[in-house]
Structures are given as C-alpha cells and as structure tokens.
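Novice: Residue numbers (our numbering): 24 to 344. Beta carbons: idealized from backbone N, C-alpha and C, even for Gly. Being a predicted model, the structure only gives us computed values, none of them experimental. Please find one structure pasted underneath; my questions will follow.
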Amino acid sequence: MTDLSEGQQLAVQKPKNRVRFVTAASLFDGHDASINIMRRILQATGAEVIHLGHNRSVEEIVTAALQEDAHGIAVSSYQGGHVEFFKYMIDLLRGRGGEDIQVFGGGGGVIVPAEIRELHAYGVAHLYSVEDGQKMGLQGMINDMVRRCDADLSRAAPQDTAAVLDALRSGDRRRLARIITALENGALSEAVRSDMRQRAAGVAVPTLGITGTGGSGKSSLTDELIRRFRLDQADALAIAVIAVDPSRRKSGGALLGDRIRIASTCARSPPATPARRSRQRCRKRSRPASWRASIWSSSKPRASARAVRRSCRTWMSRSTS
C-alpha cells in the first residue's frame, strides 16, 4: 500500500486486457456520489464500466454482471445491511455460474473491521475500509481492483463450432456472454466465425437502427419502444437492444450501455399502464400490514461487439426470464 502522507503521485494501473466492471449503489441506498466518482476513475484508468446507478438490488446487479460478462462488481453500501447484501450477492453469483466474478465494495465507516473480515472470508474479493482510503487513495484502490481483475475471459469460451452452437441453442445467457467476449477479443478462429456468419444469414430478424448525437434521446426512445412492445405483446416477443458506445481515445475506458434510462427491460412483468398502476395501488392497500412488495429484477442479458474505438452491449427482454 502507498502511504499518501509521503506525497507520492500514484501511477495509473493500465489493464493489459479489456476489463469490465458493473458499478452500483446498493438497494435502499441513495448515496450515489461515491460510486459515481469510482466509476469515473475506473473509466479514466482504462476499464469498461456498466453503471447501474443507486438503489439497485442484488438480483439486478448480478444479472447485469452475468449478461455483460464482467470481471468484477463494485458496490457502495451505506444503508447498514451490507453483510446480508454482500453475502446474498456471493451466493447468487455462485448459484448462477458467476463465481469467477470478483466483488468489491466500500461503505466508509459504516462497514466495521469485523464485518470486513467476515465478508472477506465469505468470498468478497475486497471491501475497502477508511484506512484503505487513507493509505491507498482513490486511484490506489482503483489500481488494486484493476490489477486483481486483469484477465482474458475469452480463454474460457468454447472454441469449435459445435460447442458454440450448443451453447447458443441452450439459451444459457451466461455462455452467450462469454462467446460474445471471445468474438470481441478475436479469440475465435476465422473458420468458426465464418461458419457462424453463414448460419446467421439464414435467420430473418427485423432490425431497427436508431442514431443521434449525445443527449438526443436515443435511450429514452428505445425504452419507450420496448415498453410498448412488452405491453402490447404481453412479453411474447424476444427483443434485443444493441447499444453502441464509444471508447475513450486516451484511456481506452468506456461507459457502456444506458441501463439506467432503458428501464423497461428491468421488470419481469410488462411495465404498468396508468390504469394498471391504479389497480395495483388498490390491491396494495388491501394487503395486510406485513405484506411487502417484491423487488422486480433485471431481465436483460448482454451481448457485445467491438469496432474501432467502439464497444457494444446487448440486452434482451423476454417472458421466459
């Protein structure tokens, strides 16, 4: 660790591989300033970041990490329930095949040393304490995260056409995400890629392209289109959204996929219409005091591709999620 009292300038830990992090503030936590700072430093360090914002459930965070084939998850938690929150995250990752995804977190003085030791023993990669912040600084903590996660995930992807097709036909979105990482990193042979292109050419899929300058409303329009499809078709359609986002020229980092604004893909049930919301409120008032609303989680799988200075991520929303 670097003692900042020595006045040394920390060097940026540039990753050798494309490293992806899902960042979020925990459920019932509106303190988003710290995680916003961390995700900005991650981007400046050269990492690709999928930012979910604040008040995010374990289900949403884990689902996004699996779909994005992320190396790590970074969560800030100031709401007091961090022990249960992080333990459930580790359990869910292990149960859904994401045990290789490293979990990082922080919460200032809210997370005491005994709880940090307990969560480290449970499987959390690292929880950064107040002392860590004093000794390492912000860049030092980010450097540590990037160093721990700097690996080529595409090596674990299937390498022959039969295995790739088996993974795709199985509907396993975790395996789909890993295959897309292999395509993005150029880890699949030209023979496999050519065979996949030929097979894909025989599948007719309606495609709509949306473009525009930054802030023109692409994400909002996409969200509204998905919302209307889900309402009108009762989730009978499978919809994929490919979001193309630029990588930074200087650092190589990127902010990928506008999962905050494209919110209609989050709920397992179709988004509520005004009349439906009114009926829901009436039903909620008739429930006993002990009843609690269930938390809707993300049903967005991930896909990605990369062109020159470009990164893509795909989400799907379907009734079988």
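#1: Given that a residue counts as buried once 16 or more other Cβ atoms are within 10 Å of its Cβ, and exposed if not, what is H38?
#2: Kindly indicate which residue of A205, S49, G280 and R41 has the alpha-carbon position closest to the one of M112.
#3: Below 6 Å CB to CB, which residues in the same chain sit around V14 once its five sequence neighbours on both sides are set aside?
#4: Between L199, A87 and D167, which lies nearest to I64 when the distance is taken from Cα to Cα?
#5: Quick check: the Cα distance between R282 and D175, rounded to an integer number of angstroms?
#6: Quick check: the region 201 to 209 against the region 220 to 234, are there 3 or more CB pairs under 8 Å?
#7: Buried or exposed: E207, going by 16 or more other Cβ atoms within 10 Å of its Cβ?
#8: Considering only residues of the same chain and omitting the five flanking positions on each side of A47, which have a CB-CB separation below 6 Å?
#9: Output needed for D189: all residues of its chain with C-beta closer than 6 Å, excluding positions within five of it in sequence on either side, in chain order.
#10: Between A186 and G121, what straight-line distance do the alpha-carbon atoms span, to the nearest angstrom?
#11: If you run the structure through DSSP and keep just helix, strand and coil, what is Y151?
#12: Please report the residue range of the alpha helix (DSSP H) in which A87 lies.
#13: Determine which residues share a DSSP beta bridge with E71 and list them.
#14: Could you tell me the distance, in whole angstroms, from the CA atom of L142 to the CA atom of V153?
#15: Could you give the first and the last residue of the continuous beta strand (DSSP E) run that contains S99?
#16: Measuring alpha carbon to alpha carbon, tell me which residue in V215, G118 and T230 is nearest A180.
#17: Would G129 and S57 be called neighbours here (beta carbons separated by less than 9 Å)?
#18: Opposite F127 in the DSSP bridges: which residues?
#19: For H105, which option in M61, Q66, F51 and E71 has the closest C-alpha, if you only look at C-alpha atoms?
#20: Apart from the five residues on each side of it in sequence, which residues of its chain come closer than 6 Å, Cβ to Cβ, to E138?
#21: Which residue wins for smallest C-alpha separation from E213, given the options S274, R192, T184 and F252?
#22: If you draw a straight line from the C-alpha of R41 to the C-alpha of S274, how long is it?
Specialist: Reading off the structure:
#1: Checking the sequence shown, residue 38 turns out to be Pro, not His. Looking at its Cβ environment, which holds 16 or more other Cβ atoms inside 10 Å, P38 is buried.
#2: The residue from A205, S49, G280 and R41 with its alpha-carbon nearest to that of M112 is S49.
#3: Missing from the structure shown is residue 14; the chain here goes from 24 to 344 and no further.
#4: It is D167.
#5: In this structure, the straight-line span from the alpha carbon of R282 to that of D175 is close to 24 Å.
#6: No: fewer than three Cβ pairs fall under 8 Å.
#7: Result: buried.
#8: Around A47: L75, R79, I84 and V98.
#9: Cβ contact annotation for D189 (same chain, cutoff 6 Å, sequence separation greater than five): none.
#10: When rounded, the distance between both Cα atoms is 20 Å.
#11: The answer is strand: DSSP assigns Y151 an E or B state.
#12: A87 -> alpha helix (DSSP H) spans V81 to Q90.
#13: Per DSSP, R43 and A277.
#14: Each residue's Cα considered, the two are about 16 Å apart.
#15: That run of the beta strand (DSSP E) goes G95 to S99.
#16: Considering only alpha carbons, the answer is V215.
#17: The Cβ atoms of G129 and S57 lie closer than 9 Å to each other.
#18: In the DSSP assignment, F127 forms a beta bridge with A97 and H149.
#19: Of the candidates M61, Q66, F51 and E71, the one whose C-alpha sits nearest the C-alpha of H105 is F51.
#20: If we look at E138 and ignore the five residues flanking it on each side, its Cβ neighbours are V106.
#21: When the alpha-carbon of E213 is set against those of S274, R192, T184 and F252, the nearest one is in T184.
#22: Roughly 11 Å separates the two Cα atoms.
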